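Below is one structure; the comments refer to it alone.
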Amino acid sequence: MLLSTQWLKEDYGIDLPPELLVERLTMAGLEVDDVTLAAPSFSGVIVSQVLTVNAHPDADKLRVATVNTGNSEVLQIVCGAPNIAAGIRVPLATIGAVLPGDVRIKKSKLRGIESFGMLCSARELGLSDEHAGLLILPEDAPIGADIRDYLHLNDSIIDIDLTPNRADCFSMLGLAREIVQLCRAELGGDFSLPPLSATEVATSGKCSLVIENRTPQDCPRYLGRIIRGIDVSRSTPPQIAERLRRVGIRPHDPVVDVTNYVMLMLGTPLHAFDADKISGGIVVRYAQAGEKLRLLNDSEAVLDKDVLVIADKEKALAIAGVMGGAESACSASTQDIILEAAWFNPTRIAGKARRFGVASDSAQRFERGVDYTLQETALNFATQLILDICGGEAEDFSSAVSEENLPQRLPVAVSREAIAQRVGHSYDDITINSILMGLGGEVQRTENAWQVTPPTWRFDLAIGEDLIEEIARIDGYANVPDRLPVVQYQQDAGGSRSLRYYSDLLVAQGFQEAVTYSFIDNASHQAFFPECPAITLQNPISANLAEMRLSLLPGLVGAVIYNRNRQQQDLRLFECGRVFLPQLEKKIADCSQPVRVAGVMSGLAMPEQWAIEARKIDFFDAKAVVENLLVLKHSVSYRPSQQTYLHPGKSADVYDDDKGQYLGCVGALHPHLLQKLDARAGDIYVFEINDFAILPLMHLPYYQAISKFPIVRRDLAFVVDKKIAATTILTAIQEQMGKRLSDAYLFDVYQGENLGDKLSLAVALYLQDSEKTLQDEEVGSSITMLVTYLKNTFNAELR
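Residue numbers (the numbering used here): 3 to 801.
Laid out in structure tokens, this is it:
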């Protein structure tokens with residue numbers, strides 16, 4: 003929908019800056035796609051009157067005219083327009099004028115005759131594509147006036163992308179109502195739209211109108227009027243034609259222009275038939291199966307029984323609410339018309355335009371729902387305009403109304419508590435009452451609630467939540483506090499919901515889920531946990547399944563060895579399940595049964611291929627899997643593992659630094675353990691995570707703004723003792739550098755004979771300030787302080 007700010011100002015008294023309108027409409031959900039001027043930039047064009055017109059002595063198609071410019075000077079203009087005539091008023095581009103396209107007007111000679119300007123067509127001013135002749139202005143156009151001021155060409159056109167539920171805004175009246183609500187502070191609290199014109203036109207006689215018995219529910223209101231003796235050769239007034247052009251409709255003839263104009267003003271589509279092409283009056287009925295109708299766009303529609311049509315006694319004239327037929331359309335010879343206004347059930351119109359491959363403004367409005375009380379107003383208004391432009395006489399209108407089939411606007415209740423709960427924000431009673439009253443319906447106030455009967459033009463208001471949305475929308479979404487609602491999360495017993503999520507995460511990383519026995523043999527128990535007591539079964543199902551597992555790893559490692567012995571080397575298995583931990587001084591039946599997630603990895607990190615060199619899985623592959631599982635857990639650290647079944651140089655225990663809790667472990671199995679288990683073909687990497695490390699992770703992420711200032715990178719290499727963990731150095735760096743350190747990571751480790759029992763750790767530092775660009779001096783000072791701190795604390799030497 004295109005909105006003309008000048009139209010708003012002239013008809014509704016709303017004079018607001020386009021920038022304000024754009025901001026308010028967009029923030030209220032009526033998204034603005036574009037804002038343009040009504041005409042391109044040009045200057046030096048005035049209203050002039052042609053005084054005389056004479057033939058050019060040396061050119062048959064040129065005329066020499068004298069033009070009155072509003073002052074004592076009369077200009078001579080050479081013009082080739084076919085419609086130039088003495089007495090008309092037209093735009094004149096004077097010497098020095100600049101027209102669209104950077105066309106500059108200078109004094110010139112055309113076939114030997116001097117010309118002191120140029121008379122302009124609409125296309126030369128960028129107003130339309132019409133170039134058949136000069137732009138003829140009304141007889142009362144003030145001579146000498148700037149054409150931009152006279153035609154209000156500094157008007158801004160706002161292109162609004164309406165959502166399907168806002169059918170009420172498909173008109174200037176609807177947009178004016180919306181703007182009054184959104185800009186009440188700027189317009190004044192007591193501002194109100196002017197009342198609709200109560201034009202009444204009635205003479206003797208009525209057209210014949212029949213509504214078939216089956217159709218009142220789909221066409222509960224239909225009005226028709228005959229207007230006789232009109233002259234369609236007359237021109238549409240420039241004001242109406244220009245308003246149509248600005249909102250994207252090309253002027254056609256007075257009758258079509260008037261129906262379009264009224265539709266744009268009120269949102270009520272109208273249609274005019276040539277009365278001489280209709281036999282026996284109007285009939286509203288369903289189409290017959292296979293009935294054909296040639297439409298205004300010259301396409302042929304084959305109708306079905308579910309299509310509502312406007313017809314006469316012999317044939318269909320139009321698809322109701324969609325498009326008229328070509329055979330009954332008005333033409334240059336039309337003298338008598340039947341003007342119709344109706345309300346159709348949106349469900350009957352919906353989809354019909356797409357079915358027949360047509361697009362029409364009326365279908366766009368009818369299928370969304372139009373105001374069912376404005377048909378008489380629209381019919382009378384259009385009638386008066388046609389009589390004023392084309393002359394003629396209007397008969398009284400015929401009407402068929404089925405009140406019981408018209409929409410029934412039922413009251414909707416909304417309470418103060420419901421508003422606060424839904425929006426998360428409380429509004430004072432004055433604000434709520436003002437907004438609800440401003441909707442245009444009936445409002446009744448009770449102690450803690452409001453009962454609103456929605457207006458006839460707002461079909462999107464049907465339940466209390468609709469009214470709550472209107473309150474938040476009109477008061478301004480910016481006034482709604484930016485805090486998250488309080489949500490009570492529920493979790494299945496045992497955390498199965500979270501475990502399913504992490505199972506899917508592991509499957510996505512190439513793992514396959516395994517289900518192993520909850521029992522293990524004593525040999526496996528002694529290999530993994532030689533110092534830990536076990537829960538021994540009194541009646542095991544076999545000698546090899548006599549003890550309850552203390553970990554998921556023995557079963558998974560056994561599955562890997564089983565597959566290795568069958569030439570399956572590249573394996574990734576995981577399991578989610580319970581372990582059984584004995585409790586001191588408690589019965590076996592009272593043992594702890596926590597849920598854990600564990601996995602095993604062996605073989606190649608990637609399948610063999612030509613693009614990547616073959617590489618075996620290492621510690622960092624296993625650690626990456628754990629980090630993905632704990633990606634939402636903050637302050638996780640890795641320390642040298644204390645698990646005896648893991649390789650001391652290729653393992654780590656995982657801790658939650660905030661709580662100091664042990665979360666799990668990751669690493670390669672100890673070589674001695676592999677020998678005991680008779681595992682061949684290389685290392686086996688494992689991980690096991692406790693359930694409490696996973697289940698509390700269900701929280702909402704937070705947003706952090708990205709700094710617009712550049713990042714500074716510095717690479718530093720420190721020589722430290724081999725006993726100092728790299729994470730210790732990184733933690734110290736993060737603590738010392740503070741908020742300016744956006745990231746730090748280890749990218750290289752070097753050890754050689756020249757370093758002895760030490761190694762070199764290369765660290766990348768990324769520095770960034772959220773408020774300014776870091777200078778070299780600041781960066782250098784921070785780096786110097788960091789080097790000094792690491793030297794004093796860890797005896798770290800800068801390479």
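Here a beta-carbon is modelled for each residue, glycine too, at the ideal position from N, C-alpha and C. Being a predicted model, the structure only gives us computed values, none of them experimental.
- Taking C-beta atoms as the reference points, R223 and Q366 fail to come closer than 8 Å.
- Beta-bridge partners assigned by DSSP to Y747: A766.
- Here T730 carries a helix assignment [DSSP, helix/strand/coil].
- Annotation: the segment 101-138 contains the following complete segments of the beta strand (DSSP E) (minimum length 3 residues), in chain order: 110-112 and 115-117.
- For the pair K710 and Q770, the Cα-to-Cα distance works out to about 9 Å.
- In this structure, the straight-line span from the alpha carbon of E214 to that of P166 is close to 31 Å.
- DSSP places T786 in the helix class (H, G or I) of the three-state scheme.
- E316 sits in coil when the DSSP states are folded into three classes, being neither helix nor strand.
- The C-beta separation of N70 from S50 comes to about 6 Å, placing the pair in contact by the 8 Å criterion.
- With fewer than 16 other CB atoms across the displayed protein chains lying within 10 angstroms of its CB, M787 is exposed.
- Within the model, the alpha-carbon separation for H58 versus E141 is close to 26 Å.
- Looking at the DSSP output, D148 shares a beta bridge with I48.
- A distance of 8 Å or more separates the beta carbons of D163 and D363.
- N692 and V597 have their C-alpha atoms spaced approximately 7 Å apart.
- If one requires a minimum length of 4 residues, the alpha helix (DSSP H) runs lying completely within the segment 514-561 are 524-530, in chain order.
- Look at W345 here: in three-state DSSP terms it is strand.
- For H154, the three-state secondary structure derived from DSSP is coil.
- The continuous alpha helix (DSSP H) containing G466 extends over residues G466 to D477.
- For the options V416, V633, S330 and E467, the alpha carbon positioned closest to that of L507 is the one of V633.
- Here T217 carries a coil assignment [DSSP, helix/strand/coil].
- Residue environment analysis places D278 among the exposed positions, since fewer than 16 neighbouring C-beta atoms fall within 10 angstroms of its C-beta.
- Two segments are said to touch when three or more pairs of C-beta atoms, one from each, lie closer than 8 Å; by this definition the segment 423-433 does not touch the segment 374-392.
- A distance of 8 Å or more separates the beta carbons of F576 and P556.
- Remark: C-beta atoms of V324 and V360 approach each other more closely than 8 Å.
- Taking the CA atoms as reference points, F346 sits about 14 Å from D308.
- Taking the Cβ atoms as the reference, R574 lies roughly 4 Å from F513, within the contact range of under 8 Å.
- Contact between V100 and G46 holds: CB atoms are separated by about 6 Å, below the 8 Å threshold.
- In this structure, A303 sits near F358, with a CB-CB distance shorter than 8 Å.
- In this structure, R248 sits away from Y263, with a CB-CB distance that is not shorter than 8 Å.
- For H674, no beta strand (DSSP E) segment is defined; the enclosing uninterrupted segment is the alpha helix (DSSP H) at P673 to K678.
- Between the C-alpha atoms of Y152 and T349 there is a straight-line separation of about 45 Å.
- One Cα belongs to E21, the other to Q410, and the distance between them is close to 38 Å.
- As the crow flies, the alpha-carbon of K725 is around 15 Å from that of E799.
- Secondary structure at I713: coil, using DSSP grouped into helix, strand and coil.
- The C-alpha of Y519 is placed about 10 Å away from the C-alpha of R580.
- Pairing L64 with V80 gives a Cβ-Cβ distance under 8 Å.
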